[in-house]
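Residue numbers (this note's numbering), protein chains in the order written: chain A, 1 to 283; chain B, 1 to 222. Heads up, the beta-carbon is just placed ideally off N, CA and C, and yes, glycines get one too. Just so we're clear, the structure is a prediction, and the values are computed from it rather than from any experiment. Accompanying notes for the structure given below.
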Amino acid sequence: MTTPTEPRRSSIRPSDVVTDATSAPTPSAAAPSVRATSGSRTTRVLGIVLVPALALWAYLALLGSPADVNQGEVVRLLYVHVPIVVIAYAACVLSAVASAVWLWKRTQWWDLVAASAAEIATVMVAATLVVGSIYGKPTWGVFWTWDARLTATAMLMLLLLGYLAVRGIPASVEVRGRRSAIVAMLFIPNIVIVNQSVVWWRSLHQDPTLFRLSLSPSIEGLMLFTLVYSFAVGLLFFVWLLIHRFRVAYLQDQVDAVGLDLALEERREQGWDDGWAPGGAPS
Amino acid sequence: MLRDAWLMAGKDLRLEWRSRVVLNQIAPLALLFLVLFAFGLDPDKGLLDKATPGLYWVAVLFCGLLAVQRSFALESTDGNRDALRMSGLEPGGIFLGKFSAIAAQLLALEALLLAGVAILYSARLDGFGLLALTCVVATAAIAAAGTLYGVLAAGLRVRETLLPLLLLPVLAPVLLGSTRAFEAALSGTTTDGWPWVGLIAIFALVYVGAGIAAFGSLMEET
Numbered sequence: 001m002t003t004p005t006e007p008r009r010s011s012i013r014p015s016d017v018v019t020d021a022t023s024a025p026t027p028s029a030a031a032p033s034v035r036a037t038s039g040s041r042t043t044r045v046l047g048i049v050l051v052p053a054l055a056l057w058a059y060l061a062l063l064g065s066p067a068d069v070n071q072g073e074v075v076r077l078l079y080v081h082v083p084i085v086v087i088a089y090a091a092c093v094l095s096a097v098a099s100a101v102w103l104w105k106r107t108q109w110w111d112l113v114a115a116s117a118a119e120i121a122t123v124m125v126a127a128t129l130v131v132g133s134i135y136g137k138p139t140w141g142v143f144w145t146w147d148a149r150l151t152a153t154a155m156l157m158l159l160l161l162g163y164l165a166v167r168g169i170p171a172s173v174e175v176r177g178r179r180s181a182i183v184a185m186l187f188i189p190n191i192v193i194v195n196q197s198v199v200w201w202r203s204l205h206q207d208p209t210l211f212r213l214s215l216s217p218s219i220e221g222l223m224l225f226t227l228v229y230s231f232a233v234g235l236l237f238f239v240w241l242l243i244h245r246f247r248v249a250y251l252q253d254q255v256d257a258v259g260l261d262l263a264l265e266e267r268r269e270q271g272w273d274d275g276w277a278p279g280g281a282p283s
Numbered sequence: 001m002l003r004d005a006w007l008m009a010g011k012d013l014r015l016e017w018r019s020r021v022v023l024n025q026i027a028p029l030a031l032l033f034l035v036l037f038a039f040g041l042d043p044d045k046g047l048l049d050k051a052t053p054g055l056y057w058v059a060v061l062f063c064g065l066l067a068v069q070r071s072f073a074l075e076s077t078d079g080n081r082d083a084l085r086m087s088g089l090e091p092g093g094i095f096l097g098k099f100s101a102i103a104a105q106l107l108a109l110e111a112l113l114l115a116g117v118a119i120l121y122s123a124r125l126d127g128f129g130l131l132a133l134t135c136v137v138a139t140a141a142i143a144a145a146g147t148l149y150g151v152l153a154a155g156l157r158v159r160e161t162l163l164p165l166l167l168l169p170v171l172a173p174v175l176l177g178s179t180r181a182f183e184a185a186l187s188g189t190t191t192d193g194w195p196w197v198g199l200i201a202i203f204a205l206v207y208v209g210a211g212i213a214a215f216g217s218l219m220e221e222t
């Protein structure tokens with residue numbers, strides 16, 4: 001017995017849905033063909049480059065570079081602290097820019113870039129605060145002080161947590177994207193204002209080491225090289241993390257979409273078995 | 001847009017006048033905050049005098065949070081959200097109306113709290129012009145940011161917990177600025193206070209502008 005709905009019943013199998021979804025023409029310039037892994041050729045190459053680079057970073061920071069005249073061995077924390085800050089800032093800026101572009105272009109790609117960057121930013125800002133506290137104890141004598149930059153960083157951390165909370169609310173992709181993009185946009189003036197308002201407090205934090213007005217760095221030789229090198233490796237590490245996180249986010253969205261399709265299909269089949277067909281005609 | 005704002009503010013204030021939730025619940029709570037702070041910081045040690053500006057603004061911030069929650073709780077029942085969307089009122093106007101209603105209620109609460117600190121903490125309210133203007137700009141800032149994040153959280157099941165997490169860090173510069181301005185006013189050095197008033201005014205303008213622009217798309221989604 002054949003009914004008009006018969007082919008429909010067997011046309012969508014779970015396997016079809018999966019292949020359909022993974023080859024769907026969703027905008028994904030970074031992930032042209034997504035297989036169920038967070039790695040790609042780029043991340044593998046980057047990863048292979050990063051292993052010796054990170055080892056050299058550890059060597060230079062821990063053994064290769066000389067101890068500081070004033071700070072002694074403690075200065076080695078600088079080579080961890082500063083790159084983490086650089087990654088955190090880069091991730092924040094990227095997240096804000098991606099949110100702005102999303103409001104204009106409205107593609108899933110920018111939404112996921114903004115979310116991935118914000119998540120990495122949160123981790124890195126948290127690491128900044130932790131490493132900074134550890135660094136602060138031997139150099140300033142306290143783990144925490146209500147200094148301008150510390151306070152602004154702590155506020156940034158809380159704002160990022162707010163962003164992730166908004167992000168975590170179940171909603172359709174479009175609604176989630178709009179909501180989180182607006183929240184990210186609103187945070188920008190706030191970060192500027194927090195920064196400006198706390199800068200007027202007296203500051204314990206040291207002045208910039210590299211980018212000074214006189215353009216003559218206050219450190220030199222191997223220490224300078226180690227610091228600049230740690231920036232470069234840190235940013236490379238950020239790119240590696242970002243691609244992985246982006247692809248996980250993309251796959252997650254696919255899984256959610258497929259899950260919804262499967263659930264719909266299941267209900268349809270169930271209805272079929274109970275003698276109900278779409279359109280109300282019993283078979 | 002201004003006519004819509006007027007309608008909306010009138011509706012909210014009329015609702016408050018008839019239900020008296022702010023008057024009967026939030027206003028006593030504001031005074032309760034003052035008493036609790038006095039329990040927490042021993043009044044005999046002179047800590048309260050020094051901390052009065054900070055405590056005042058923390059109390060205002062919490063009251064503002066409740067006022068925002070109340071304002072959007074009004075719209076959450078009986079499909080009011082959909083009704084509001086289909087009413088044909090301009091989103092910017094709805095924002096301005098809600099903002100004005102919250103600001104008006106908050107100003108009344110601030111006057112009450114000011115009387116409270118004058119009596120309970122025996123604060124001498126010198127530099128009254130600076131105090132008043134700080135209250136006006138800070139209220140505008142709290143109400144604008146509150147209305148914006150309020151509508152974002154309003155349709156969600158997690159609204160009670162999400163709103164403070166979003167709103168309070170954002171209002172941190174307002175707390176900082178208004179506390180400094182109050183300190184300047186209470187210590188008689190009003191010239192130190194005016195730059196902070198300017199900072200809060202900029203904050204308020206940014207959030208009013210953002211609210212008028214973004215309110216529509218935030219209200220549409222559920």
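Residue span of the alpha helix (DSSP H) that contains residue i, given as start and end
{"i": "tyrosine 121 of chain B", "result": "Careful: tyrosine 121 of chain B lies outside any alpha helix (DSSP H) and carries neither H nor E."}
{"i": "tryptophan 194 of chain B", "result": "194–220"}
{"i": "proline 43 of chain B", "result": "Neither: proline 43 of chain B is in no alpha helix (DSSP H) and is coded neither H nor E."}
{"i": "valine 174 of chain B", "result": "172–186"}
{"i": "alanine 171 of chain A", "result": "From DSSP, alanine 171 of chain A is part of no alpha helix (DSSP H); its letter is neither H nor E."}
{"i": "leucine 84 of chain B", "result": "80–86"}
Best match in the options for proximity to residue i [C-alpha to C-alpha]
{"i": "alanine 123 of chain B", "options": "B:Pro43, B:Val170, B:Asn80", "result": "B:Pro43"}
{"i": "methionine 223 of chain A", "options": "A:Thr153, A:Leu60, A:Leu260", "result": "A:Leu60"}
{"i": "alanine 257 of chain A", "options": "A:Trp240, A:Pro170, A:Gln71, A:Val80", "result": "A:Pro170"}
{"i": "threonine 107 of chain A", "options": "A:Ala148, A:Val173, A:Ser116", "result": "A:Val173"}
{"i": "serine 230 of chain A", "options": "A:Arg44, A:Glu119, A:Leu62", "result": "A:Leu62"}
{"i": "glycine 168 of chain A", "options": "A:Trp110, A:Ala126, A:Arg41, A:Ser116", "result": "A:Ser116"}
{"i": "arginine 245 of chain A", "options": "A:Ala154, A:Val123, A:Ser133", "result": "A:Val123"}
{"i": "methionine 155 of chain A", "options": "A:Ser180, A:Thr128, A:Ile134", "result": "A:Thr128"}
{"i": "valine 130 of chain A", "options": "A:Phe143, A:Arg268, A:Ala121, A:Ile120", "result": "A:Phe143"}
{"i": "serine 99 of chain A", "options": "A:Pro138, A:Val113, A:Thr145", "result": "A:Val113"}
{"i": "glutamine 25 of chain B", "options": "B:Arg70, B:Leu176, B:Thr191", "result": "B:Arg70"}
{"i": "glycine 177 of chain B", "options": "B:Trp57, B:Ala132, B:Ala154", "result": "B:Trp57"}
Beta-carbon neighbours of residue i, restricted to chain B and to distances below 7 Å
{"i": "alanine 165 of chain A", "result": "Leu162, Leu165"}
{"i": "glycine 162 of chain A", "result": "Leu165, Leu166, Pro169"}
{"i": "leucine 158 of chain A", "result": "Pro169"}
Reduced DSSP secondary structure (H/G/I, E/B, other) of residue i
{"i": "glycine 177 of chain A", "result": "helix"}
{"i": "aspartate 4 of chain B", "result": "helix"}
{"i": "aspartate 68 of chain A", "result": "strand"}
{"i": "valine 142 of chain A", "result": "coil"}
{"i": "valine 158 of chain B", "result": "coil"}
{"i": "valine 17 of chain A", "result": "Only weak support is given to the placement of valine 17 of chain A: the predicted model assigns it a pLDDT of 39, under 50, and the value that follows is read from those uncertain coordinates. Helix."}
{"i": "arginine 18 of chain B", "result": "helix"}
{"i": "alanine 31 of chain A", "result": "Per-residue confidence for alanine 31 of chain A stands at a pLDDT of 45, beneath the threshold of 50, marking its modelled position as unreliable; no derived number is given."}
{"i": "leucine 74 of chain B", "result": "coil"}
{"i": "aspartate 256 of chain A", "result": "helix"}
{"i": "threonine 226 of chain B", "result": "In the structure as shown, chain B starts at 1 and stops at 222, and residue 226 of chain B therefore has no counterpart that could be examined."}
{"i": "aspartate 126 of chain B", "result": "coil"}
{"i": "serine 40 of chain A", "result": "coil"}
{"i": "aspartate 261 of chain A", "result": "helix"}
{"i": "glutamate 90 of chain B", "result": "coil"}
{"i": "aspartate 147 of chain A", "result": "coil"}
Residue i: contacting residues in chain B (beta-carbon distance under 8 Å)
{"i": "valine 125 of chain A", "result": "Here the premise fails: no neighbours, minimum Cβ distance about 13 Å."}
{"i": "leucine 260 of chain A", "result": "Neighbours of leucine 260 of chain A on chain B: none; closest Cβ ~18 Å, over 8 Å."}
{"i": "leucine 222 of chain A", "result": "Those within 8 Å of leucine 222 of chain A in chain B number zero; the least Cβ separation is about 41 Å."}
Within chain A, the residues that residue i reaches when beta carbons sit closer than 8 Å
{"i": "leucine 152 of chain B", "result": "Val166, Arg179, Ile182, Val183"}
{"i": "leucine 156 of chain B", "result": "Ile169"}
{"i": "serine 217 of chain B", "result": "Arg178, Ile182"}
Partner residues on chain A for residue i, Cβ-Cβ distance less than 7 Å
{"i": "valine 206 of chain B", "result": "Pro189"}
{"i": "alanine 210 of chain B", "result": "Leu186"}
{"i": "alanine 214 of chain B", "result": "Ile182"}
{"i": "phenylalanine 182 of chain B", "result": "Those do not exist, as phenylalanine 182 of chain B stays about 15 Å from chain A at its closest Cβ, beyond 7 Å."}
{"i": "phenylalanine 99 of chain B", "result": "Those do not exist, as phenylalanine 99 of chain B stays about 15 Å from chain A at its closest Cβ, beyond 7 Å."}
{"i": "phenylalanine 203 of chain B", "result": "Ile193"}
(message) My parser needs the alpha helix (DSSP H) runs of 4 or more residues fully inside the segment 49–126 of chain A; what are they?
(response) 78–105
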